[in-house]
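Worksheet: one structure, shown below.
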Amino acid sequence: VELLSAALQDGIYLKDTIGIVDEEGQKRLKVGHFFLAINIESFLPLENFKKTAGDIMRGLRNSKKEPGEKHIYTAGEKEYYAEVDRTKKGIALNQSLQQDIKIMKKELNLNNYEFPF
């Protein structure tokens, strides 16, 4: 993946990915990206792929964990749990954002809208 992401995009690679700090103290990375769409069934039946991919993910999650760690997350898993939680509980808004929304509601005369805060 790094060959395709860096070489084809003239991007950074290996140790250069640690970042370059500019005058404002910001890290600027010339990161390349590579995306590929394939038809899995050109290689094998989809169900076979799903089973093998699932076995790999389960194997990773069941690996020995560092002391104090309860879970090994695989790609997209944290985001999935966050989506489930936010679908159930809603998206938390800090006090500052809540205040901004109240101000906009008043300024725009959006009196038909009620918020739970």
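In the UniProt record's numbering, the protein residues as written are 1 to 117.
Beta carbons are placed, not taken as given, at the ideal position from N, Cα and C, and that holds for glycine.
From a predicted model like this one, the values you see are computed outputs, not experimental measurements.
Beta-carbon gap between residue i and residue j smaller than 7 Å
{"i": "residue 72", "j": "residue 58", "result": "no"}
{"i": "residue 34", "j": "residue 63", "result": "no"}
{"i": "residue 11", "j": "residue 27", "result": "no"}
{"i": "residue 24", "j": "residue 13", "result": "no"}
{"i": "residue 40", "j": "residue 46", "result": "yes"}
{"i": "residue 117", "j": "residue 98", "result": "yes"}
Cross-strand partners of residue i (DSSP beta bridge)
{"i": "residue 61", "result": "Beta-bridge pairing links residue 61 to no other residue."}
{"i": "residue 78", "result": "Per DSSP, none; premise fails for residue 78."}
Rounded Cβ spacing between residue i and residue j (contact assumed at less than 8 Å)
{"i": "residue 101", "j": "residue 115", "result": "6 Å"}
{"i": "residue 105", "j": "residue 113", "result": "6 Å"}
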